[in-house]
Structure formats: structure tokens, C-alpha cells
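K.L.:
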Amino acid sequence: MLIEAAGTRLLVDAGLPLATLQRQLARAHLTVQPNAIIVTHAHGDHCRHAAELSEHFQAPLYVSEATRRSVRLGGRRAPRIFGPRTPFAIGDLTVTALTVPHDAPQVSLRFDHDGKSAALATDLGEVPPELIEHFAGCENLFIESNHDSDMLWAGPYPYHLKRRVAGDHGHLSNAQTHGLLRSLDRGVRTVVLMHLSQTNNTPELARASAVEALCDHPATLLLASQFGVTTVGADAPKPPQLELFPR
Ligand SMILES: [Zn+2]
Ligand SMILES: [Zn+2]
1 MLIEAAGTRL LVDAGLPLAT LQRQLARAHL TVQPNAIIVT HAHGDHCRHA AELSEHFQAP
61 LYVSEATRRS VRLGGRRAPR IFGPRTPFAI GDLTVTALTV PHDAPQVSLR FDHDGKSAAL
121 ATDLGEVPPE LIEHFAGCEN LFIESNHDSD MLWAGPYPYH LKRRVAGDHG HLSNAQTHGL
181 LRSLDRGVRT VVLMHLSQTN NTPELARASA VEALCDHPAT LLLASQFGVT TVGADAPKPP
241 QLELFPR
């Protein structure tokens, strides 16, 4: 995810290689070019290309102390360390991290600039009570809706992996995300569903569940695709519409 405010552009997570990122963003007439890269946790789909991207863009890497201990990110420069709950500045953005339960030390990130705010919460097994407060006053929320429980348990994953995904240190199901969406305050303008499983979910199921949760809420609902670009914000260019899971 790219977050941009004033003169600062921040890349959040680095699971895609440089060429893929550049190709996808170019289709939406965007460039990557971050001032900094922040990695939420030590899973490959979030950190695999952190060193490559950091070197290429000469952009410092930010990680939590727990993530630094969990994984060898590589790269020539030591990462900068942030702590939970204490806001810190990256250029024009103020970033606040909140620890959330996952099977690697994980954080939800909140970004504030000049009265505007956004927050990201993916890769969490359950919703900690503090998350609602962490989201308070946020206009734009990027929230995991990882799996449909019935699809997960009937699906092809081995049993241990099903238990992991469904567990309280795994990922949010559509039903759990439904519960979270029900608790949002009225100031939220945009909700983007993130991190949908290609195996254990469908865009239709995730969307239907979220639509029901937001039935009397004025927020716009979007679904993010790993194969294309979703833009949010007044000045953001509108990318071409892409299929969520191209066949
Ligand atoms: Zn993930
Ligand atoms: Zn993860």
C-alpha cells in the first residue's frame, strides 16, 4: 500500500517485487518512489522484497523491534525501529502502531496528516478492543476480510493450516470483519476490504457480508485486488477497473 500526504510517500509492506509493483502502478499512471518503507510483520507476503525495494529507492526501512528480531530483512542499512502506541513521524505523516494478534508479531498502522487519517489492519486473528479506539476519527479504513469460514473448512488447505488461519492468531473471517464494521463510527468515509484469500473466499461473499454490516452506514465500500490498483482519496487518480481475481 502507498500512503501519500504533502511531500511524503510511504510504502507499507513489501511483498511484491519491484517490477510487479511498477507495472501495476503504471497501469494507474502512478509511480512507486517512496520516501520510506514500513513493514508490518515478518511474513513473506509483507516483507519478502523489503531489502530490494529499500536499496532501489534509497528509502529507509521501518519495522517494530519484534519484527527485526523475527526475520533477516537483509539490505545494507539497519532498519529504523518503531514502538507500539507511540506516534512517530515519517516526513509529513504521523504513524501510530497498535499490536494485534497474529502468528508473527503484527501491528495495525494509523496514518495522520493535517486532520486527515487512514488506518490499516490486516493479518489479525481477532479484533482487540483497542482497535476501535485506534480507528477513532479515521476517514479511510483498510481492513482484512480474509476468508469465508465454510469455504476454509471445506477447502483444500491441510488441517493444521485451516486451524492456523481460523485461530485467534490467524486471519479475520468475513464474519469477524462484519462485527468490526458494525462498530465503526459514522465519520468513516471509505472502507477497503483487503487481503482476501484466493482459495478460501470470493469477492462476492466478502462484499455481501460487508454490505450487510454497513447497511445503514454512509461509507463507500471498495475491495482491493492484489492484481490491480485501488485508489482512495480526493486527489487520487482513478485506475482502470480490474477483475479482483483474474482467471
Ligand atoms: Zn499477509
Ligand atoms: Zn501474516
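Be aware that the sequence shown starts at 1, since it is given in the working numbering, and climbs by one per residue. Cβ coordinates follow ideal geometry from the N, Cα and C atoms, glycine included.
Considering only heavy atoms of ligand 2, does any lie closer than 8 Å to the CB of ASP168?
P.N.:
No, the beta carbon of ASP168 sits no closer than 8 Å to any heavy atom of ligand 2.
K.L.:
What does the alpha-carbon distance come out to for the pair ARG164 and VAL100?
P.N.:
Roughly 16 Å separates the two Cα atoms.
K.L.:
Reducing DSSP to helix, strand and coil, say where GLU243 ends up.
P.N.:
Residue placement at GLU243 cannot be trusted, given a pLDDT of 46 that sits under 50; the coordinates are not used to answer.
K.L.:
Which partner residues of ILE113 appear in the DSSP bridge assignment?
P.N.:
As written in the sequence, residue 113 is His, which differs from the Ile given in the question. HIS113 is bridged to LYS116.
K.L.:
Quick check on the burial criterion: 16 or more other C-beta atoms within 10 angstroms. Buried or exposed for GLY170?
P.N.:
GLY170 comes out buried.
K.L.:
Please return the same chain residues whose Cβ sits closer than 8 Å to the Cβ of ALA210, not counting the five positions on each side in sequence.
P.N.:
The residues are SER145, ASN174, THR177, HIS178, LEU181, VAL191, LEU193 and LEU221.
K.L.:
Would you identify the three-state DSSP class for PHE57, choosing helix, strand or coil?
P.N.:
Reduced to three states, the DSSP call for PHE57 is helix.
K.L.:
Tell me the rounded alpha-carbon separation between ASN140 and GLY74.
P.N.:
Going by the C-alpha atoms only, they are around 32 Å apart.
K.L.:
For ligand 1, is there a heavy atom less than 8 Å away from the beta-carbon of ASP112?
P.N.:
No, since every heavy atom of ligand 1 falls outside the 8 Å radius drawn around the Cβ of ASP112.
K.L.:
Report the rounded CA-to-CA distance for ILE132 versus THR230, giving the unit in angstroms.
P.N.:
ILE132 and THR230: Cα-Cα distance of roughly 24 Å.
K.L.:
Please return the same chain residues whose Cβ sits closer than 6 Å to the Cβ of GLU243, not counting the five positions on each side in sequence.
P.N.:
Since pLDDT at GLU243 reaches only 46, below the 50 mark, its modelled position is unreliable, and the value read off the structure follows with that caveat. Nothing meets the Cβ criterion.
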